[in-house]
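Asker:
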Amino acid sequence: MKVLIYTYPPDYVSAALSARSIQAAGAEPVLAIDREDPPLFVEGVRVIRTEFPRNGNLNGREFILGNLRLMLELGAGDEWVCKGDSDTWWNRLDWIHGHGDVSAVALADPGRHSFYGLAYALRVDRIPEMIALGEATLDAGERLPEDLTTGELATACGGVHAWPNLQPGTPLAAYNWETAEDPETLKRRYDVIVFQRMQGRRRRDVMEAMKSFS
Amino acid sequence: MRTFVIITTPRARGDLLVRMLAGTSGVACANADGLLAKAKAFDDAMGAISVGAAVGAGIAAAARADGATRVCGIADRYAGHEGWREAVGLWSWLLESVPDLHVIFLFRDQAETELSMEATHRRWVPSYGTCSGKAGTRMIGQVRAMEDFHVINPTRTTLLDSADLLTFATAQERLASMGLDLDEGAWVGALAEVTHERRAIAAERPPHEEIDWDLIEPAVVISPRQADVKPLPPLMVAERLEAFSGTVEVHTLRYGDAGWIQECGPTLEGWCRRHGYGLTVHGQPEGLPDEKFATVEMIRGFLAGGAERMIFVDADVYVHPSAPGWPEEMKGFSSMPETFGRVLGNWEQWQVKQGLRCRGWRYRNSGVWSCDREAARLFLEALEGDAWRVAYREQHQFNVWWHRAAEKGMVVSDLQPVWNMLSKVARTDLKPAWFYHLNGPEKLATLKLVRDARFLPGAPVAIQVPERTGIPRAICIPWLASAAKWDELRYCLRSIERHWTDRECPIFILGPERPSWLKEDSGRVRFQFISYHRGKARGMAEATRQGMLMADEVAWWNDDIYLLRDCGWEDLRVAVTEGMLDHKVPSLLASGNGWQAGMANAVIDLKHHGAGEVMRYATHTPYLFEREKSLEIFRTFRLPYKGAWETLYHGFHGTPHRPIGRTKVGHLGNVPEEALFLNHSDRTLTEELKLGLGQRFSVPAVWEDPCA
């Protein structure tokens, strides 16, 4: 199974660490850099350069359709293909499986047809339907966040298993910077952990935290 | 053939590494500055990665033709010096293009504060000089980029601290881990070669700065050229002359509570006290055409007494804290010739108006003067029966009487400007002086100008002195949670618990936040709250004030200092030093680094207080301070400086000291027997070191809360 991570120079180190966690979890990371970004070499990790515009932080019709097409290409031969963020740490892939015939699995807010882009999985054979729906319904120029919009397309094309955010038993979580728990405990408890720049933390803090999980 | 590339930060001893490797059997290595950038530019232009042709050609050029070369490399300085985007792009291109290439990132630890970013001879191994702010920032950025790229590519890159090149054991071990077999002959030869070259170049040019470079010959002294460093005036403190040994009485006219009086008054009193001169402060006189004519009565009073010499000092004179005694050579009536046109022009006109003519007389300032008994007698004779004309207060009239007395045989000597540095001179041609005469309306502004130019030390700020605590000895550690990079304090304290021989003395943690793992009932470890709400500098100043006065003896510690073997108070009584500081003052001031500038300002202020050569006591090891001596520092010097306390304390009190040698180390590999302390910087706090410290001090201390 492939996991696609869009990254850019300030996040190259985190993306590389995320990629290593994906490898340890048994999947194959693919790092995507933008057309104007400096090259990136990461030992043992595939790096590709995308040409479709990101419109800031992964936005817009072109990006959403470009992402789906890329994920379809990467997912060829697999049941699932994933997308993650540069600051996401992957421990296991169990959270993806055993949810019936849904088109996507993701972390989401309860009661909303949405999901967070930190980590989501798409069923590969549903992606063409999602692309067709997107081509028919998405407007160019409109502000369309990649994660919410992909979630809406997946919902319309077979449904989403939404792991409820901040609920007990949900195996995806944001790292609590004030936690007293050690990395090993957190790795056992969660399948996916995202290190967000919040509570005053900056990129270097994220990097150091991800290194401590290595 | 194995290939490698050395990418270095500026002044990271890349030249030295190349020579060491080049001198090793089977290894060829050459300097090829700019090769990588050119090769990449070539590939970019070609629109494809064909770097084998470019870099490979460069590496092949460095290979020996004898066929015995097994390992071949090039060194390219500054490749990746333009920021992360440039660095990651260039280094990624390199690794992708040359399979199996290994990159050695050679850097210099920022803890080595002597760092030169100035343009020096191209074959210099790093000299110790200035590090300008922008260049220093770029270099730090490059080192960070190296570390980050190493995280991304851990097996294709190696981080090498250039300090590891300076001992054979560490150099050999580090290079062996990369498959490079360094032999001792090559190591010795490279060091000797570079040292010889530097000496040869230094001999051609006048030395500006001395450095100590502890190589295979300890205390090898090299003098690099630092042409771009703006030198400070050669004398921060005026020259001393032989002082008069007879009895002296000093007079001044002072009244009111203006700010400048509060500044100047105590300095004159201190000077008189130091030299045993009697001081008479005259209050506001009455019934005189100008108050300054009261000096005539002072002279009469002097003659009625028994002193051999009288000195008059205006109330707006600020006396340097190291001002020596009044010079012997000031015989007769001594005053300073005035050199500025306005008062001189007025003097000529005034003489004509008054029908006076002081032919051949050189006009003098009456703010500071001295006289002996014979000169006083002749002066009083000269004014007898004459009018007391007010012009420039009493100054014009005094010049008339001085001239008249001189014509009757009174000896007149020129007081040097060091004893009467006028405001107008200070503003245009400031030089070191003993007496700064703040004449004119902008007295405090002139004083500030002199202080800002470092011709006077900063004035100490009064502190609130806490009551003696009665604690004989304590360890004090200032701690800011937000500045912690890891769990340094925890392991620092564990090392103290294990190795500090005084098991009873309290340990104070001073800061705004209590460590979360410190038990409520933590025994000898005590948390002392220090408010940082007015900023880090003020918080630290308050921590210093409280900490230094916490006990009769204080061991001042930082959380990045760990004990490696048993030691105690006696081990700190002789301070450790890292060379001398005097000659480094210009470069430290120009470094753009607040800590280094603080150390330089401390040296300057010590000089102002009469210090001889100042050693570098700031060694990132524990320091021992005595409460009463600390109080004297608070009362004598302006604080806070970053990086200055230990310099001021030990420099002022003349603490016995010795070279630090190998008392302190920066890592846990091959720790010498004599090492007592380990200290690291943020940069050298590697994962490896954290692991090592964690293993070495794995047992929680009794004051640690196991639930935290």
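As they're listed, the protein sequences go chains A and B. 981 is the number that the numbering used here gives to position 70 of the first sequence; each next residue is one higher, with no gaps. 604 is the number that the numbering used here gives to position 600 of the second sequence; each next residue is one higher, with no gaps. Note that beta-carbon positions come from the ideal geometry of N, C-alpha and C, so glycine has one too.
#1: Taking the continuous alpha helix (DSSP H) assigned at B:M314, which residues delimit it?
#2: Report the rounded CA-to-CA distance for A:G977 versus A:L1029, giving the unit in angstroms.
#3: Does B:K435 come out as helix, strand or coil in the three-state DSSP assignment?
#4: Run through DSSP, which three-state label would B:C711 get?
#5: What span of residues does the alpha helix (DSSP H) with B:G713 cover, start to end?
#6: Considering Cα atoms alone, identify which of A:I959, A:V914, A:V992, A:E1089 is closest to A:A935.
#7: What distance in whole Å lies between the Cβ atoms of B:A319 and B:T271, which are believed to be in contact at a cut-off of 8 Å?
#8: Strictly by DSSP, which residues pair up with B:M182?
#9: Can you tell which of B:S29, B:A327, B:L652, B:T659 has the C-alpha that lies nearest to the C-alpha of B:W423?
#10: With 9 Å set as the bound, which would you pick, yes or no: does the beta-carbon of B:G93 sit closer than that to a beta-carbon of chain A?
#11: Taking B:D187 as the reference, which of B:G87, B:G30, B:S339, B:M143 has the closest Cα?
#12: Span of the alpha helix (DSSP H) holding A:D1116?
#13: Quick check: B:P663 and B:E582, are their CB atoms within less than 9 Å of each other?
#14: Output needed in chain order: residues of the stretch 1070-1092 of chain A with a Cβ under 7 Å from some Cβ in chain B.
#15: Is there a Cβ from chain B that is less than 9 Å from the Cβ of A:E954?
#16: At which residues does the alpha helix (DSSP H) containing B:L628 begin and terminate?
#17: Does the beta carbon of B:P228 sit closer than 9 Å to a beta carbon anywhere in chain A?
#18: For A:A1051, collect the residues of the same chain with a Cβ closer than 8 Å to its Cβ; drop the 5 residues on either side in sequence, then sort them by chain order.
#19: Comparing alpha-carbon positions, which option in A:K994, A:M1118, A:R957 lies nearest A:G1062?
#20: Between B:D152 and A:Y1086, is the Cβ-Cβ spacing less than 9 Å?
#21: May I ask you to report which of helix, strand or coil DSSP gives B:K412?
#22: May I ask which residues mark the beginning and end of the alpha helix (DSSP H) holding A:E990?
#23: Could you tell me whether the stretch 617-628 of chain B touches the stretch 558-569 of chain B, where touching means 3 or more Cβ pairs closer than 8 Å?
#24: For B:Y495, which three-state DSSP category applies?
#25: Report the neighbours of A:V924 on chain B: residues whose CB is nearer than 7 Å to its CB, in chain order.
#26: Can you tell me which residues form a DSSP beta bridge with A:W1000?
#27: With distances taken Cα to Cα, identify the nearest neighbour of A:E1046 among A:R1034, A:D1036, A:T1060.
#28: Looking at the unbroken beta strand (DSSP E) that takes in B:K523, where does it start and where does it end?
#29: Using the Cα positions of B:A190 and B:P476, report the straight-line distance between them to the nearest angstrom.
#30: Below 9 Å between beta carbons is the criterion; list the residues of the stretch 166-198 of chain B that meet it against any residue of chain A, in chain order.
#31: Quick check on this structure: which residue in A:P1079, A:D945, A:N1076, A:D1005 has the alpha carbon closest to the alpha carbon of A:L969?
#32: Going by CA-CA distance only, name the one from B:H503, B:R366, B:S427, B:R431 that's closest to B:F402.
#33: Helix, strand or coil: which one does DSSP assign to A:C1068?
#34: Identify the continuous beta strand (DSSP E) that holds B:P482 and give its terminal residues.
#35: Compare the C-beta of B:L99 against all C-beta atoms of chain A and say whether one is closer than 9 Å.
#36: Beta carbon of B:P461, beta carbon of B:I265: below 9 Å?
Answerer: Based on what the coordinates show:
#1: Here B:M314 belongs to no alpha helix (DSSP H); instead the beta strand (DSSP E) covers 313-317.
#2: 18 Å
#3: coil
#4: coil
#5: Since the displayed chain B opens at 5 and closes at 712, residue 713 of chain B lies outside it and no answer follows.
#6: A:V914
#7: Actually they do not touch by this definition, with Cβ atoms about 11 Å apart.
#8: Bridge partners of B:M182: none, in fact.
#9: B:A327
#10: yes
#11: B:G30
#12: 1114-1124
#13: yes
#14: A1091
#15: yes
#16: Careful: B:L628 lies outside any alpha helix (DSSP H), inside the beta strand (DSSP E) at 627-630.
#17: Here the model assigns B:P228 a pLDDT of 28, short of 50, so the residue's position is not dependable, and the following value carries that caveat. So, not an interface residue.
#18: G971, R972, E973
#19: A:K994
#20: no
#21: coil
#22: Run containing A:E990: none; DSSP gives neither H nor E here.
#23: yes
#24: helix
#25: D152, V155, I156
#26: A:I1104
#27: A:T1060
#28: Unbroken run through B:K523: none, as it is neither H nor E.
#29: 54 Å
#30: none
#31: A:D945
#32: B:R366
#33: coil
#34: 477-482
#35: yes
#36: no
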